[in-house]
(Lines of atoms letter the chains of each structure in order from A and count residues from 1; the text may use other names and numbers.)
(Lines give C-alpha, C1' and ligand atoms only; values in the text may rest on other atoms or scores of the structure.)
Protein backbone atom coordinates (compact mmCIF):
# COMPACT_ATOMS: atom_id res chain seq x y z
CA UNK A 1 0.00 0.00 0.00
CA UNK A 2 2.10 2.85 -1.31
CA UNK A 3 1.35 6.33 -0.09
CA UNK A 4 1.75 9.86 -1.39
CA UNK A 5 2.69 12.13 1.53
CA UNK A 6 1.60 15.75 1.83
CA UNK A 7 1.13 18.56 4.32
CA UNK A 8 -2.45 18.88 5.55
CA UNK A 9 -4.07 22.25 4.95
CA UNK A 10 -7.37 23.74 5.98
CA UNK A 11 -9.32 26.57 4.45
CA UNK A 12 -11.13 28.63 7.07
CA UNK A 13 -14.19 30.45 5.75
CA UNK A 14 -17.14 32.41 7.09
CA UNK A 15 -19.77 30.34 8.84
CA UNK A 16 -22.59 28.93 6.77
CA UNK A 17 -25.03 29.46 9.62
CA UNK A 18 -23.69 32.69 11.04
CA UNK A 19 -24.27 31.70 14.69
CA UNK A 20 -21.85 31.35 17.56
CA UNK A 21 -21.93 29.41 20.80
CA UNK A 22 -19.89 29.06 23.94
CA UNK A 23 -21.36 25.67 24.83
CA UNK A 24 -19.47 22.65 23.51
CA UNK A 25 -21.60 20.66 21.05
CA UNK A 26 -22.09 16.90 21.19
CA UNK A 27 -19.71 16.29 18.28
CA UNK A 28 -16.57 17.98 16.99
CA UNK A 29 -16.09 18.05 13.21
CA UNK A 30 -12.63 17.25 11.79
CA UNK A 31 -12.06 17.76 8.08
CA UNK A 32 -10.10 14.86 6.60
CA UNK A 33 -7.93 16.75 4.12
CA UNK A 34 -6.07 13.70 2.84
CA UNK A 35 -6.85 14.05 -0.88
CA UNK A 36 -5.54 17.56 -1.75
CA UNK A 37 -5.31 16.83 -5.47
CA UNK A 38 -9.04 16.11 -5.64
CA UNK A 39 -11.68 18.81 -5.53
CA UNK A 40 -14.22 16.53 -3.86
CA UNK A 41 -13.84 14.01 -1.05
CA UNK A 42 -16.26 11.60 0.61
CA UNK A 43 -16.24 9.71 3.89
CA UNK A 44 -16.05 5.92 3.53
CA UNK A 45 -15.18 3.90 6.66
CA UNK A 46 -13.39 3.84 10.02
CA UNK A 47 -12.25 1.43 12.73
CA UNK A 48 -11.88 1.59 16.51
CA UNK A 49 -8.21 2.59 16.22
CA UNK A 50 -9.19 5.91 14.67
CA UNK A 51 -8.17 5.00 11.13
CA UNK A 52 -10.41 6.47 8.44
CA UNK A 53 -10.81 5.76 4.73
CA UNK A 54 -12.02 8.46 2.35
CA UNK A 55 -12.56 8.74 -1.39
CA UNK A 56 -11.16 11.52 -3.56
CA UNK A 57 -12.89 12.52 -6.78
CA UNK A 58 -12.52 15.23 -9.46
CA UNK A 59 -8.74 15.51 -9.52
CA UNK A 60 -6.56 18.37 -10.75
CA UNK A 61 -3.39 18.34 -12.90
CA UNK A 62 -4.38 15.25 -14.83
CA UNK A 63 -1.49 13.70 -16.85
CA UNK A 64 -2.55 13.52 -20.50
CA UNK A 65 -1.05 11.31 -23.20
CA UNK A 66 -0.48 13.32 -26.37
CA UNK A 67 -0.60 10.27 -28.62
CA UNK A 68 -1.51 10.09 -32.30
CA UNK A 69 -5.19 9.42 -31.58
CA UNK A 70 -5.48 12.65 -29.60
CA UNK A 71 -3.44 14.80 -31.97
CA UNK A 72 -5.32 13.54 -35.03
CA UNK A 73 -8.75 14.09 -33.47
CA UNK A 74 -9.06 17.51 -35.08
CA UNK A 75 -12.81 17.20 -35.69
CA UNK A 76 -13.41 15.71 -32.25
CA UNK A 77 -11.44 16.44 -29.11
CA UNK A 78 -9.27 19.21 -30.53
CA UNK A 79 -12.26 21.20 -31.79
CA UNK A 80 -14.60 20.38 -28.90
CA UNK A 81 -12.04 21.50 -26.32
CA UNK A 82 -10.62 24.36 -28.42
CA UNK A 83 -7.08 23.03 -28.01
CA UNK A 84 -4.58 25.27 -29.80
CA UNK A 85 -1.66 24.18 -31.98
CA UNK A 86 0.68 25.68 -29.39
CA UNK A 87 -0.86 23.54 -26.66
CA UNK A 88 -0.41 20.43 -28.80
CA UNK A 89 3.18 21.32 -29.68
CA UNK A 90 4.21 22.08 -26.10
CA UNK A 91 1.90 19.43 -24.59
CA UNK A 92 0.90 22.04 -22.01
CA UNK A 93 -2.84 22.68 -21.75
CA UNK A 94 -4.48 25.67 -20.14
CA UNK A 95 -7.09 25.05 -17.44
CA UNK A 96 -10.13 25.20 -19.72
CA UNK A 97 -8.63 22.82 -22.28
CA UNK A 98 -7.50 20.40 -19.56
CA UNK A 99 -10.91 20.41 -17.88
CA UNK A 100 -12.72 19.84 -21.17
CA UNK A 101 -10.36 17.09 -22.32
CA UNK A 102 -10.65 15.18 -19.06
CA UNK A 103 -14.45 15.38 -19.17
CA UNK A 104 -14.59 14.24 -22.80
CA UNK A 105 -12.21 11.32 -22.28
CA UNK A 106 -14.00 10.24 -19.12
CA UNK A 107 -17.65 10.67 -20.11
CA UNK A 108 -18.09 10.77 -23.89
CA UNK A 109 -18.87 7.26 -25.16
CA UNK A 110 -17.05 8.01 -28.43
CA UNK A 111 -13.81 7.94 -26.45
CA UNK A 112 -14.65 5.74 -23.45
CA UNK A 113 -15.59 2.85 -25.77
CA UNK A 114 -12.55 3.32 -28.01
CA UNK A 115 -9.30 1.64 -26.99
CA UNK A 116 -7.36 4.21 -29.02
CA UNK A 117 -7.90 6.96 -26.45
CA UNK A 118 -6.52 7.47 -22.96
CA UNK A 119 -8.73 6.26 -20.11
CA UNK A 120 -9.60 8.38 -17.09
CA UNK A 121 -9.90 6.91 -13.58
CA UNK A 122 -10.76 9.65 -11.16
CA UNK A 123 -11.50 7.99 -7.81
CA UNK A 124 -8.75 7.19 -5.31
CA UNK A 125 -8.73 6.17 -1.64
CA UNK A 126 -7.37 8.47 1.05
CA UNK A 127 -6.12 7.37 4.49
CA UNK A 128 -6.36 9.33 7.76
CA UNK A 129 -5.01 8.04 11.06
CA UNK A 130 -1.98 7.45 13.24
CA UNK A 131 -0.96 3.94 12.13
CA UNK A 132 0.37 5.02 8.71
CA UNK A 133 1.18 8.26 6.91
CA UNK A 134 -1.84 10.26 5.87
CA UNK A 135 -2.50 10.70 2.17
CA UNK A 136 -3.63 9.05 -1.03
CA UNK A 137 -3.07 5.29 -1.15
CA UNK A 138 -1.72 3.77 -4.34
CA UNK A 139 -2.99 0.21 -4.54
CA UNK A 140 -2.38 -1.14 -8.05
CA UNK A 141 -1.74 1.85 -10.32
CA UNK A 142 1.57 1.97 -12.21
CA UNK A 143 3.89 4.68 -13.51
CA UNK A 144 3.36 5.31 -17.23
CA UNK A 145 6.42 5.52 -19.46
CA UNK A 146 4.77 8.29 -21.47
CA UNK A 147 4.28 10.69 -18.55
CA UNK A 148 6.55 9.48 -15.76
CA UNK A 149 3.53 9.63 -13.45
CA UNK A 150 0.90 7.21 -12.21
CA UNK A 151 -1.56 6.52 -15.03
CA UNK A 152 -4.58 7.59 -12.95
CA UNK A 153 -6.55 5.46 -15.37
CA UNK A 154 -8.17 3.10 -12.88
CA UNK A 155 -10.59 3.19 -9.96
CA UNK A 156 -9.28 2.33 -6.48
CA UNK A 157 -11.85 2.20 -3.68
CA UNK A 158 -11.22 0.69 -0.27
CA UNK A 159 -14.60 0.04 1.36
CA UNK A 160 -13.85 -1.07 4.93
CA UNK A 161 -11.03 -1.38 7.46
CA UNK A 162 -11.11 -3.71 10.48
CA UNK A 163 -9.58 -3.20 13.91
CA UNK A 164 -6.41 -5.02 12.83
CA UNK A 165 -5.79 -2.33 10.17
CA UNK A 166 -6.62 -4.68 7.31
CA UNK A 167 -8.64 -2.93 4.61
CA UNK A 168 -10.62 -4.33 1.69
CA UNK A 169 -12.19 -2.83 -1.37
CA UNK A 170 -12.26 -3.06 -5.14
CA UNK A 171 -9.95 -1.87 -7.88
CA UNK A 172 -9.81 -1.91 -11.65
CA UNK A 173 -6.56 -2.59 -13.45
CA UNK A 174 -4.61 0.40 -14.78
CA UNK A 175 -4.56 0.89 -18.54
CA UNK A 176 -1.28 0.48 -20.42
CA UNK A 177 -0.46 1.68 -23.91
CA UNK A 178 0.46 -1.28 -26.13
CA UNK A 179 1.26 -1.65 -29.81
CA UNK A 180 -0.41 -4.24 -32.02
CA UNK A 181 0.89 -5.26 -35.44
CA UNK A 182 -1.07 -7.18 -38.07
CA UNK A 183 -0.93 -7.91 -41.80
CA UNK A 184 -3.37 -6.13 -44.10
CA UNK A 185 -2.90 -7.35 -47.66
CA UNK A 186 0.69 -6.62 -48.58
CA UNK A 187 1.12 -4.10 -45.77
CA UNK A 188 2.09 -4.36 -42.13
CA UNK A 189 -0.01 -2.14 -39.89
CA UNK A 190 0.82 -1.12 -36.33
CA UNK A 191 -1.81 0.39 -34.05
CA UNK A 192 -1.62 1.62 -30.46
CA UNK A 193 -4.28 0.61 -27.95
CA UNK A 194 -4.93 1.13 -24.25
CA UNK A 195 -5.39 -2.23 -22.55
CA UNK A 196 -5.95 -3.54 -19.04
CA UNK A 197 -5.81 -6.95 -17.40
CA UNK A 198 -9.17 -6.96 -15.59
CA UNK A 199 -12.21 -4.80 -14.94
CA UNK A 200 -12.67 -5.42 -11.19
CA UNK A 201 -10.82 -7.16 -8.37
CA UNK A 202 -11.37 -7.43 -4.65
CA UNK A 203 -8.27 -6.03 -2.97
CA UNK A 204 -6.79 -6.58 0.50
CA UNK A 205 -4.43 -3.94 1.87
CA UNK A 206 -2.39 -4.15 5.08
CA UNK A 207 0.96 -2.80 6.31
CA UNK A 208 1.88 -1.46 2.89
CA UNK A 209 1.15 -4.78 1.17
CA UNK A 210 -1.61 -5.23 -1.40
CA UNK A 211 -3.05 -8.52 -2.66
CA UNK A 212 -5.90 -9.34 -5.03
CA UNK A 213 -8.63 -11.95 -4.68
CA UNK A 214 -8.87 -13.77 -8.00
CA UNK A 215 -12.21 -14.85 -9.52
CA UNK A 216 -13.53 -18.36 -9.98
CA UNK A 217 -14.27 -17.63 -13.64
CA UNK A 218 -11.54 -15.53 -15.22
CA UNK A 219 -12.17 -15.72 -18.98
CA UNK A 220 -11.85 -12.16 -20.35
CA UNK A 221 -10.62 -11.12 -16.90
CA UNK A 222 -13.46 -12.08 -14.58
CA UNK A 223 -14.58 -10.03 -11.58
CA UNK A 224 -14.38 -10.01 -7.80
CA UNK A 225 -15.47 -7.25 -5.46
CA UNK A 226 -14.63 -6.70 -1.78
CA UNK A 227 -17.11 -4.73 0.31
CA UNK A 228 -16.42 -5.47 3.99
CA UNK A 229 -14.02 -7.26 6.34
CA UNK A 230 -14.53 -8.54 9.89
CA UNK A 231 -11.96 -8.64 12.68
CA UNK A 232 -11.90 -12.43 12.21
CA UNK A 233 -10.82 -12.15 8.59
CA UNK A 234 -14.08 -12.75 6.74
CA UNK A 235 -14.42 -10.70 3.54
CA UNK A 236 -17.82 -10.03 1.96
CA UNK A 237 -18.26 -9.33 -1.74
CA UNK A 238 -19.02 -11.16 -4.94
CA UNK A 239 -17.26 -13.46 -7.40
CA UNK A 240 -17.77 -14.15 -11.11
CA UNK A 241 -18.71 -17.82 -11.36
CA UNK A 242 -19.46 -17.93 -15.09
CA UNK A 243 -20.32 -15.86 -18.13
CA UNK A 244 -23.94 -15.01 -18.79
CA UNK A 245 -25.86 -16.68 -21.60
CA UNK A 246 -24.27 -16.70 -25.03
CA UNK A 247 -21.96 -13.75 -24.47
CA UNK A 248 -18.83 -15.90 -24.65
CA UNK A 249 -19.93 -17.22 -28.05
CA UNK A 250 -20.83 -13.70 -29.16
CA UNK A 251 -17.41 -12.39 -28.15
CA UNK A 252 -15.63 -15.25 -29.89
CA UNK A 253 -17.69 -14.71 -33.05
CA UNK A 254 -17.30 -10.94 -33.17
CA UNK A 255 -13.66 -10.80 -32.13
CA UNK A 256 -12.08 -12.72 -34.99
CA UNK A 257 -10.98 -9.66 -36.98
CA UNK A 258 -7.20 -9.46 -37.24
CA UNK A 259 -7.19 -5.65 -37.15
CA UNK A 260 -8.13 -5.60 -33.46
CA UNK A 261 -6.63 -7.82 -30.73
CA UNK A 262 -9.12 -10.27 -29.24
CA UNK A 263 -8.72 -8.84 -25.74
CA UNK A 264 -9.45 -5.32 -27.02
CA UNK A 265 -12.54 -6.50 -28.87
CA UNK A 266 -13.79 -8.36 -25.78
CA UNK A 267 -13.09 -5.28 -23.64
CA UNK A 268 -15.10 -3.08 -26.00
CA UNK A 269 -18.12 -5.39 -25.89
CA UNK A 270 -17.93 -5.51 -22.09
CA UNK A 271 -17.73 -1.72 -21.82
CA UNK A 272 -20.75 -1.25 -24.05
CA UNK A 273 -22.84 -3.77 -22.13
CA UNK A 274 -25.43 -2.24 -19.80
CA UNK A 275 -24.69 -4.92 -17.20
CA UNK A 276 -21.82 -7.17 -16.22
CA UNK A 277 -21.20 -10.00 -18.67
CA UNK A 278 -20.52 -12.30 -15.71
CA UNK A 279 -22.76 -14.34 -13.46
CA UNK A 280 -22.05 -12.79 -10.05
CA UNK A 281 -22.64 -14.55 -6.75
CA UNK A 282 -22.27 -13.31 -3.20
CA UNK A 283 -19.11 -14.71 -1.68
CA UNK A 284 -17.59 -14.76 1.79
CA UNK A 285 -13.85 -15.41 1.75
CA UNK A 286 -11.88 -16.35 4.88
CA UNK A 287 -8.38 -14.89 5.00
CA UNK A 288 -5.47 -16.67 6.62
CA UNK A 289 -2.80 -15.03 8.77
CA UNK A 290 -0.99 -13.97 5.58
CA UNK A 291 -4.14 -12.18 4.31
CA UNK A 292 -4.46 -14.71 1.49
CA UNK A 293 -7.72 -16.59 0.85
CA UNK A 294 -7.86 -19.76 2.92
CA UNK A 295 -11.46 -20.75 2.16
CA UNK A 296 -14.60 -19.33 0.60
CA UNK A 297 -18.37 -19.79 0.55
CA UNK A 298 -20.41 -18.88 -2.53
CA UNK A 299 -24.11 -18.02 -2.14
CA UNK A 300 -26.64 -18.73 -4.88
CA UNK A 301 -29.76 -16.79 -5.88
CA UNK A 302 -32.60 -16.38 -3.39
CA UNK A 303 -35.05 -17.91 -5.90
CA UNK A 304 -35.06 -20.22 -8.91
CA UNK A 305 -35.89 -18.32 -12.10
CA UNK A 306 -38.39 -19.94 -14.45
CA UNK A 307 -37.59 -20.51 -18.11
CA UNK A 308 -39.72 -17.43 -18.75
CA UNK A 309 -37.54 -15.19 -16.55
CA UNK A 310 -34.43 -14.43 -18.60
CA UNK A 311 -32.04 -11.99 -16.93
CA UNK A 312 -28.51 -11.96 -15.52
CA UNK A 313 -29.63 -12.32 -11.89
CA UNK A 314 -27.07 -11.84 -9.11
CA UNK A 315 -26.36 -11.90 -5.39
CA UNK A 316 -23.99 -9.47 -3.64
CA UNK A 317 -22.66 -9.60 -0.07
CA UNK A 318 -22.17 -6.08 1.31
CA UNK A 319 -21.20 -6.74 4.94
CA UNK A 320 -20.08 -9.56 7.23
CA UNK A 321 -19.72 -9.98 11.00
CA UNK A 322 -17.17 -11.86 13.08
CA UNK A 323 -19.08 -15.16 12.86
CA UNK A 324 -19.09 -15.08 9.06
CA UNK A 325 -22.78 -14.18 8.74
CA UNK A 326 -23.21 -11.81 5.80
CA UNK A 327 -25.92 -9.57 4.41
CA UNK A 328 -26.44 -7.97 1.03
CA UNK A 329 -28.92 -7.97 -1.80
CA UNK A 330 -30.07 -9.72 -4.95
CA UNK A 331 -33.16 -10.17 -7.08
CA UNK A 332 -36.13 -12.11 -5.72
CA UNK A 333 -39.66 -13.08 -6.68
CA UNK A 334 -42.18 -15.74 -5.66
CA UNK A 335 -43.93 -15.55 -9.02
CA UNK A 336 -42.91 -17.82 -11.89
CA UNK A 337 -44.63 -15.50 -14.38
CA UNK A 338 -43.26 -12.14 -13.22
CA UNK A 339 -41.49 -10.28 -16.00
CA UNK A 340 -37.74 -10.23 -15.43
CA UNK A 341 -37.76 -6.44 -15.88
CA UNK A 342 -39.90 -6.14 -12.75
CA UNK A 343 -37.93 -8.52 -10.53
CA UNK A 344 -36.12 -6.16 -8.16
CA UNK A 345 -33.32 -6.39 -5.62
CA UNK A 346 -34.23 -7.46 -2.09
CA UNK A 347 -32.23 -7.44 1.16
CA UNK A 348 -30.67 -10.85 1.74
CA UNK A 349 -28.98 -12.79 4.55
CA UNK A 350 -26.17 -15.22 3.72
CA UNK A 351 -25.41 -17.85 6.36
CA UNK A 352 -24.12 -21.43 6.37
CA UNK A 353 -24.39 -21.69 2.60
CA UNK A 354 -28.03 -20.56 2.54
CA UNK A 355 -29.48 -17.40 0.96
CA UNK A 356 -32.59 -15.92 2.58
CA UNK A 357 -34.77 -12.95 1.66
CA UNK A 358 -35.37 -10.69 4.67
CA UNK A 359 -38.74 -9.58 3.23
CA UNK A 360 -39.95 -13.04 2.22
CA UNK A 361 -42.90 -12.89 4.64
CA UNK A 362 -43.48 -9.14 4.27
CA UNK A 363 -45.61 -7.86 1.38
CA UNK A 364 -45.37 -4.18 2.36
CA UNK A 365 -42.18 -3.55 0.40
CA UNK A 366 -41.15 -4.01 -3.21
CA UNK A 367 -37.36 -3.92 -2.97
CA UNK A 368 -34.47 -3.17 -0.65
CA UNK A 369 -30.81 -3.50 0.28
CA UNK A 370 -29.04 -4.69 3.44
CA UNK A 371 -25.73 -2.85 3.84
CA UNK A 372 -24.36 -3.65 7.31
CA UNK A 373 -24.61 -6.18 10.14
CA UNK A 374 -23.15 -6.25 13.64
CA UNK A 375 -22.16 -9.13 15.93
CA UNK A 376 -25.60 -9.13 17.55
CA UNK A 377 -26.98 -10.11 14.12
CA UNK A 378 -28.75 -6.78 13.64
CA UNK A 379 -28.80 -5.83 9.96
CA UNK A 380 -29.54 -2.37 8.56
CA UNK A 381 -30.20 -0.87 5.15
CA UNK A 382 -33.24 0.38 3.32
CA UNK A 383 -36.52 -1.04 2.08
CA UNK A 384 -38.46 0.42 -0.82
CA UNK A 385 -42.11 0.59 -1.79
CA UNK A 386 -43.48 1.71 -5.14
CA UNK A 387 -46.29 4.23 -5.57
CA UNK A 388 -47.25 5.61 -8.97
CA UNK A 389 -44.12 4.16 -10.54
CA UNK A 390 -41.56 5.63 -8.16
CA UNK A 391 -39.64 4.24 -5.18
CA UNK A 392 -39.95 5.48 -1.61
CA UNK A 393 -37.01 4.51 0.65
CA UNK A 394 -37.14 3.79 4.39
CA UNK A 395 -34.27 2.78 6.65
CA UNK A 396 -34.72 -0.54 8.41
CA UNK A 397 -33.29 -2.58 11.27
CA UNK A 398 -33.71 -6.34 11.02
CA UNK A 399 -33.10 -8.72 13.92
CA UNK A 400 -31.90 -11.83 12.10
CA UNK A 401 -32.30 -14.12 15.12
CA UNK A 402 -35.85 -12.96 15.92
CA UNK A 403 -36.77 -12.34 12.26
CA UNK A 404 -38.19 -8.94 13.21
CA UNK A 405 -38.14 -5.89 10.91
CA UNK A 406 -38.70 -2.30 12.05
CA UNK A 407 -38.70 0.93 10.03
CA UNK A 408 -38.48 3.93 12.40
CA UNK A 409 -39.76 7.34 11.35
CA UNK A 410 -36.84 9.76 11.47
CA UNK A 411 -36.88 13.33 10.15
CA UNK A 412 -40.63 13.41 9.51
CA UNK A 413 -43.35 11.05 8.36
CA UNK A 414 -42.67 10.21 4.73
CA UNK A 415 -39.04 11.35 4.72
CA UNK A 416 -36.91 9.07 2.56
CA UNK A 417 -34.14 7.54 4.67
CA UNK A 418 -31.44 4.90 4.44
CA UNK A 419 -29.14 3.31 7.03
CA UNK A 420 -25.46 2.87 6.18
CA UNK A 421 -23.83 1.41 9.30
CA UNK A 422 -24.52 -0.05 12.75
CA UNK A 423 -21.95 -0.54 15.53
CA UNK A 424 -21.88 -2.94 18.49
CA UNK A 425 -23.61 -0.33 20.66
CA UNK A 426 -26.71 -0.35 18.48
CA UNK A 427 -25.93 3.11 17.10
CA UNK A 428 -26.95 3.54 13.46
CA UNK A 429 -25.96 6.23 10.97
CA UNK A 430 -27.25 7.10 7.52
CA UNK A 431 -28.97 9.88 5.64
CA UNK A 432 -32.48 11.12 5.05
CA UNK A 433 -34.57 13.93 3.69
CA UNK A 434 -34.81 16.79 6.15
CA UNK A 435 -35.98 19.57 3.86
CA UNK A 436 -39.49 20.85 4.38
CA UNK A 437 -40.76 21.41 0.86
CA UNK A 438 -43.07 19.92 -1.73
CA UNK A 439 -40.34 20.14 -4.37
CA UNK A 440 -39.46 16.95 -6.23
CA UNK A 441 -35.87 16.84 -4.96
CA UNK A 442 -35.32 17.28 -1.24
CA UNK A 443 -31.94 17.78 0.35
CA UNK A 444 -30.59 15.26 2.82
CA UNK A 445 -28.77 15.29 6.15
CA UNK A 446 -26.78 12.67 7.98
CA UNK A 447 -28.36 11.26 11.13
CA UNK A 448 -27.61 9.23 14.27
CA UNK A 449 -30.20 6.75 15.54
CA UNK A 450 -30.00 4.81 18.83
CA UNK A 451 -31.69 1.43 18.39
CA UNK A 452 -31.75 0.77 22.14
CA UNK A 453 -33.66 3.92 23.08
CA UNK A 454 -35.41 4.64 19.76
CA UNK A 455 -33.95 8.16 19.70
CA UNK A 456 -32.95 10.08 16.60
CA UNK A 457 -30.82 13.14 15.89
CA UNK A 458 -29.99 15.12 12.79
CA UNK A 459 -26.19 15.23 13.02
CA UNK A 460 -26.24 18.92 12.18
CA UNK A 461 -28.05 19.46 15.50
CA UNK A 462 -25.18 17.75 17.34
CA UNK A 463 -22.38 19.95 15.99
CA UNK A 464 -21.63 23.59 16.74
CA UNK A 465 -24.06 26.18 15.42
CA UNK A 466 -21.19 28.14 13.87
CA UNK A 467 -19.81 25.11 12.04
CA UNK A 468 -18.74 25.68 8.45
CA UNK A 469 -19.92 22.16 7.58
CA UNK A 470 -23.35 20.79 6.66
CA UNK A 471 -23.36 17.02 7.22
CA UNK A 472 -25.27 15.44 4.34
CA UNK A 473 -24.44 11.75 4.80
CA UNK A 474 -23.13 9.59 7.66
CA UNK A 475 -21.52 6.46 6.25
CA UNK A 476 -19.83 4.60 9.11
CA UNK A 477 -19.67 4.54 12.91
CA UNK A 478 -17.13 2.69 15.07
CA UNK A 479 -17.58 1.35 18.60
CA UNK A 480 -16.31 4.63 20.06
CA UNK A 481 -19.31 6.27 18.36
CA UNK A 482 -16.95 8.20 16.07
CA UNK A 483 -18.72 8.88 12.78
CA UNK A 484 -17.31 9.12 9.27
CA UNK A 485 -19.43 11.42 7.15
CA UNK A 486 -19.61 13.59 4.07
CA UNK A 487 -20.34 17.28 4.52
CA UNK A 488 -20.82 20.29 2.30
CA UNK A 489 -18.36 23.15 2.70
CA UNK A 490 -17.91 26.43 0.86
CA UNK A 491 -14.36 26.73 -0.50
CA UNK A 492 -12.34 28.67 -3.04
CA UNK A 493 -13.03 27.32 -6.52
CA UNK A 494 -10.05 25.71 -8.26
CA UNK A 495 -9.58 25.14 -11.96
CA UNK A 496 -8.20 21.98 -13.60
CA UNK A 497 -4.63 23.09 -12.86
CA UNK A 498 -5.29 23.82 -9.19
CA UNK A 499 -5.39 27.60 -9.55
CA UNK A 500 -8.03 29.80 -7.94
CA UNK A 501 -10.75 31.00 -10.30
CA UNK A 502 -11.45 34.74 -10.25
CA UNK A 503 -14.68 36.51 -11.17
CA UNK A 504 -14.95 39.59 -13.40
CA UNK A 505 -14.00 41.84 -10.48
CA UNK A 506 -10.90 39.83 -9.63
CA UNK A 507 -12.42 38.20 -6.56
CA UNK A 508 -11.95 34.51 -5.87
CA UNK A 509 -15.07 32.53 -6.76
CA UNK A 510 -16.50 30.33 -4.01
CA UNK A 511 -18.31 27.03 -4.43
CA UNK A 512 -19.91 24.41 -2.23
CA UNK A 513 -18.23 21.00 -2.43
CA UNK A 514 -18.46 17.65 -0.60
CA UNK A 515 -15.68 16.98 1.91
CA UNK A 516 -14.91 13.94 4.06
CA UNK A 517 -15.21 14.59 7.80
CA UNK A 518 -14.84 12.73 11.07
CA UNK A 519 -17.27 13.48 13.89
CA UNK A 520 -15.72 12.91 17.31
CA UNK A 521 -17.89 12.82 20.47
CA UNK A 522 -17.22 15.70 22.86
CA UNK A 523 -16.94 14.59 26.50
CA UNK A 524 -19.60 16.43 28.48
CA UNK A 525 -20.85 18.17 25.36
CA UNK A 526 -24.40 19.47 25.09
CA UNK A 527 -26.66 20.18 22.15
CA UNK A 528 -25.89 23.69 20.88
CA UNK A 529 -29.11 25.72 20.68
CA UNK A 530 -29.17 27.40 17.27
CA UNK A 531 -32.62 28.99 17.55
CA UNK A 532 -33.71 27.46 14.26
CA UNK A 533 -37.47 27.50 13.73
CA UNK A 534 -38.90 24.03 13.26
CA UNK A 535 -41.95 23.23 11.15
CA UNK A 536 -43.98 20.04 11.29
CA UNK A 537 -44.38 18.50 7.87
CA UNK A 538 -45.88 15.37 6.38
CA UNK A 539 -44.57 14.53 2.98
CA UNK A 540 -47.09 14.62 0.12
CA UNK A 541 -45.18 12.98 -2.73
CA UNK A 542 -42.21 10.88 -3.69
CA UNK A 543 -38.88 12.00 -5.08
CA UNK A 544 -36.91 9.05 -6.47
CA UNK A 545 -37.54 7.86 -9.98
CA UNK A 546 -37.80 4.09 -10.32
CA UNK A 547 -34.92 4.32 -12.80
CA UNK A 548 -32.61 6.49 -10.71
CA UNK A 549 -31.53 6.46 -7.08
CA UNK A 550 -30.68 10.04 -6.19
CA UNK A 551 -28.81 11.18 -3.13
CA UNK A 552 -28.13 14.86 -3.64
CA UNK A 553 -28.60 16.86 -6.79
CA UNK A 554 -25.15 18.37 -6.23
CA UNK A 555 -23.04 15.21 -6.50
CA UNK A 556 -23.29 11.50 -7.04
CA UNK A 557 -23.78 9.29 -4.01
CA UNK A 558 -20.82 7.51 -2.48
CA UNK A 559 -21.84 4.48 -0.47
CA UNK A 560 -19.40 2.66 1.75
CA UNK A 561 -20.31 -0.78 0.45
CA UNK A 562 -21.80 -0.09 -2.98
CA UNK A 563 -19.64 -0.08 -6.11
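In this note's numbering, the protein residues as written are 201 to 763.
For each residue, glycine too, the CB sits at the ideal point set by N, CA and C.
Model, not experiment: these values are computed from the prediction.
Just so you know, the alpha carbons of residue 231 and residue 307 end up roughly 30 Å apart. The distance from the Cβ of residue 359 to that of residue 366 is about 12 Å, inconsistent with a contact at the 8 Å cut-off. The closest CA to that of residue 690, considering only 500, 730, 239, is found on 239. The three-state reading of DSSP puts residue 621 in strand, counting E and B together. If you check the CB distance, residue 521 and residue 441 do not come in under 9 Å.
In its chain, beyond the 5 residues on either side, 522 have a beta carbon closer than 6 Å to the beta carbon of residue 432.
Secondary-structure assignment with DSSP links residue 649 through a beta bridge to 628, 656.
Straight through space, the alpha carbons of residue 583 and residue 613 are spaced by roughly 15 Å. The Cβ atoms of residue 370 and residue 426 sit closer than 9 Å to each other. For residue 295, the enclosing alpha helix (DSSP H) begins and ends at 295 to 307. Collapsing the DSSP output to three states places residue 635 in coil.
Residue burial is scored here from C-beta neighbours: residue 362 has at least 16 other C-beta atoms within 10 angstroms and is therefore classed as buried.
Residue 470 sits away from residue 460, with the two beta carbons spaced by 9 Å or more.
Measuring C-alpha to C-alpha distances from residue 356 to each of 544, 680, 320, 382 identifies 320 as the nearest.
Residue 530 is classed as buried because its beta carbon has at least 16 other beta carbons within 10 Å across all chains shown. Contiguous beta strand (DSSP E) elements confined to the segment 670 to 725 occur at 670 to 677, 683 to 692, 710 to 721, taking only those with 3 or more residues. Rounded to the nearest whole angstrom, the C-alpha separation of residue 428 and residue 388 is 50 Å. Distance from the CA of residue 645 to the CA of residue 697, rounded to the nearest whole angstrom, comes to 32 Å.
Counting along the chain, the unbroken beta strand (DSSP E) around residue 254 starts and ends at 252 to 259. Distance from the CA of residue 277 to the CA of residue 414, rounded to the nearest whole angstrom, comes to 37 Å. Within the segment 348 to 418, complete beta strand (DSSP E) segments of at least 3 residues are found at 356 to 361, 367 to 371, 376 to 384, 387 to 395, 401 to 406, 409 to 413, given in chain order. In this structure, the beta-carbon distance from residue 716 to residue 331 does not fall below 9 Å.
When DSSP assignments are scanned along the segment 523 to 601, no uninterrupted stretch of alpha helix (DSSP H) that is 4 or more residues long falls wholly within it.
Between residue 438 and residue 421 a beta carbon distance of about 15 Å is seen, past the 8 Å cut, so the two are scored as non-contacting. Of the candidates 532, 338, 290, the residue whose Cα lies closest to the Cα of residue 408 is 338. Across the structure, residue 513 and residue 501 are spaced so that their CA atoms are roughly 7 Å apart. Taking a 10 Å sphere around the C-beta of residue 570, we find 16 or more other C-beta atoms and assign the residue as buried. Secondary structure at residue 315: coil, using DSSP grouped into helix, strand and coil. Going by DSSP, residue 425 is part of no alpha helix (DSSP H) but of the beta strand (DSSP E) stretching over 424 to 429. Rounded to the nearest angstrom, the gap between the Cα atoms of residue 494 and residue 403 is 15 Å.
Taken through DSSP and simplified to helix, strand or coil, residue 494 comes out as strand. Pairwise C-beta distances place the segment 617 to 637 in contact with the segment 660 to 680, as three or more of them are shorter than 8 Å. Secondary structure in the segment 428 to 474: the alpha helix (DSSP H) runs of 4 residues or longer, each lying completely within the stretch, are 447 to 454, 462 to 472 in chain order.
Judged by DSSP secondary structure, residue 271 falls within the alpha helix (DSSP H) whose first and last residues are 268 to 271. Cβ-Cβ distances below 7 Å link residue 444 to 477, 478, 479, 512 in the same chain, with the five nearest sequence neighbours on each side left out; the list follows chain order. Bridge partners of residue 224 according to DSSP: none are assigned.
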